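Residue numbers (full-length UniProt numbering): 1 to 86.
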């Protein structure tokens with residue numbers, strides 16, 4: 001089955017993060033290996049991910065920031081659910 005480039009590029013982060021099964025990874029990798037535009041895009045994405053990991057890989061957000069973000073996410077979800085139910 002031939003994969004669409006848009007679908008491959010949408011899923012490339014799953015592959016880079018090792019968040020897909022081996023069959024999916026193999027299909028994505030085969031497409032990337034044989035498709036010029038995807039090879040270029042994948043190379044850029046992979047380099048960006050490595051750079052972010054190298055620069056920010058060991059950094060952790062302060063606990064107070066994590067708590068505030070968690071609270072804001074919960075508020076957003078609650079407000080969205082209430083607005084949707086109305």
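Ideal Cβ placement from N, Cα and C applies to all residues, glycine included.
All values reported here derive from a predicted model rather than from experimental measurement.
What's the C-alpha gap between residue 34 and residue 75?
-> 45 Å
Environment of residue 38 [buried if 16+ CB atoms lie within 10 Å] | buried
Beta-carbon proximity list for residue 14, same chain, < 6 Å, skipping 5 on both sides | If we look at residue 14 and ignore the five residues flanking it on each side, its Cβ neighbours are 20.
In the DSSP assignment, find the alpha helix (DSSP H) that holds residue 10 and state where it starts and stops.
-> 5-16
Between residue 52 and residue 64, what straight-line distance do the alpha-carbon atoms span, to the nearest angstrom?
-> When rounded, the distance between both Cα atoms is 23 Å.
Would DSSP call residue 23 helix, strand or coil?
-> helix
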